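Written below as structure tokens is the structure these notes are about.
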Amino acid sequence: MRGQYNGFSAWLNKVSPDQIYVWCYAHVLNLVMIDTSNVTCESTSLFGLLNSIAVFVRESYLRINKWEENSKYKFISNIGDTRWWSKDRCLTKVFGLYSFPKEALFVDIIQTLNDIYLSDKCNQEIRFKAQMYRDSLLKYETVLKTLNPALCHYIIRRIYTLFKL
């Protein structure tokens, strides 16, 4: 507990030595949600992939420009380790809500990574990373973990037109 020697806690212990400290339920819920999302390999790999993509795009103004060419929305933020809502916010931004699948950034991210991969302005290492991230996002396991039916239909249609399949 903070200030246990000179702060508020020390004063409170002097005034009421038999006190019982109770954690804030919001804090306890936050700790439970973080631990829960860090237990499974699937969630760890999904959040790790999304965070790596966010860092990758934000590292370069050329990659940010590619993003701005492909999307009217702001790019995803890095996922914080101490706030479970940052993971929820990232998933909602990337994969959308059930009732608003067109607001999902999934296809825009795929398109941006594909444009970076095909760009002559990027070196071989950057192009390889873009291809790796794109392919990881398009894996069956990743898509299956995250998608809802309305979004799935929308994404398949957009990817079909993107790659002109």
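Residue numbering for the sequence shown follows our numbering, beginning at 1200 and increasing consecutively.
Backbone N, C-alpha and C fix where the C-beta goes; we use that ideal spot for every residue, glycine too.
All figures in this text were calculated on a predicted structure; none of them were measured in a lab.
If you reduce the DSSP assignment to three classes, tell me which class residue i lands in.
i: Phe1274; result: coil
i: Leu1296; result: strand
i: Ile1318; result: Looking at the sequence itself, residue 1318 is Ser, so the reference to Ile does not match. Note: Ser1318 maps to coil in three-state DSSP.
i: Tyr1220; result: coil
i: Asp1280; result: coil
i: Lys1338; result: coil
i: Leu1304; result: coil
i: Gly1206; result: coil
Note down the Cα distance separating residue i from residue j, rounded to an integer number of angstroms.
i: Phe1327; j: His1226; result: 41 Å
i: Ser1193; j: Val1256; result: This structure does not reach residue 1193, given that the chain is present from 1200 up to 1364, and the question cannot be answered.
i: Glu1267; j: Gln1330; result: 19 Å
i: Asp1217; j: Leu1211; result: 10 Å
i: Cys1240; j: Tyr1260; result: 32 Å
i: Val1214; j: Trp1222; result: 20 Å
i: Lys1271; j: Leu1296; result: 18 Å
i: Ser1244; j: Thr1341; result: 9 Å
i: Lys1301; j: Ser1242; result: 24 Å
i: Glu1324; j: Thr1291; result: 30 Å
Could you name the residues of the same chain whose beta carbon sits closer than 7 Å to that of residue i, not counting the 5 residues immediately before and after it, in chain order?
i: Trp1283; result: Asn1229, Met1232, Ile1233, Ser1236
i: Asp1334; result: none
What do you reckon, are the CB atoms on residue i and residue j nearer than 8 Å?
i: Ile1278; j: Phe1305; result: no
i: Ile1219; j: Lys1265; result: no
i: Tyr1332; j: Ser1251; result: yes
i: Ile1308; j: Leu1337; result: no
i: Leu1249; j: Cys1289; result: yes
Here's the rule: buried if 16 or more other CB atoms are within 10 angstroms of the residue's CB, otherwise exposed. What is residue i?
i: Val1293; result: buried
i: Lys1320; result: exposed
i: Val1238; result: exposed
i: Asn1313; result: buried
i: Gly1206; result: exposed
i: Lys1286; result: buried
For residue i, which residues in the same chain have their Cβ closer than 6 Å to its Cβ, ignoring the five residues on either side in sequence?
i: Ala1253; result: Ile1275, Asn1277
i: Met1200; result: Summary for Met1200: the model assigns pLDDT 47, below 50, so the residue's position carries little reliability; its value from the coordinates is reported in the next sentence. Same-chain partners within the cutoff: Ser1208.
i: Thr1281; result: none
So, at 8 Å on beta carbons, what are the nonlocal neighbours of residue i in its own chain, with the 5 sequence-adjacent residues on each side left out?
i: Ile1263; result: Val1256, Arg1257, Phe1274
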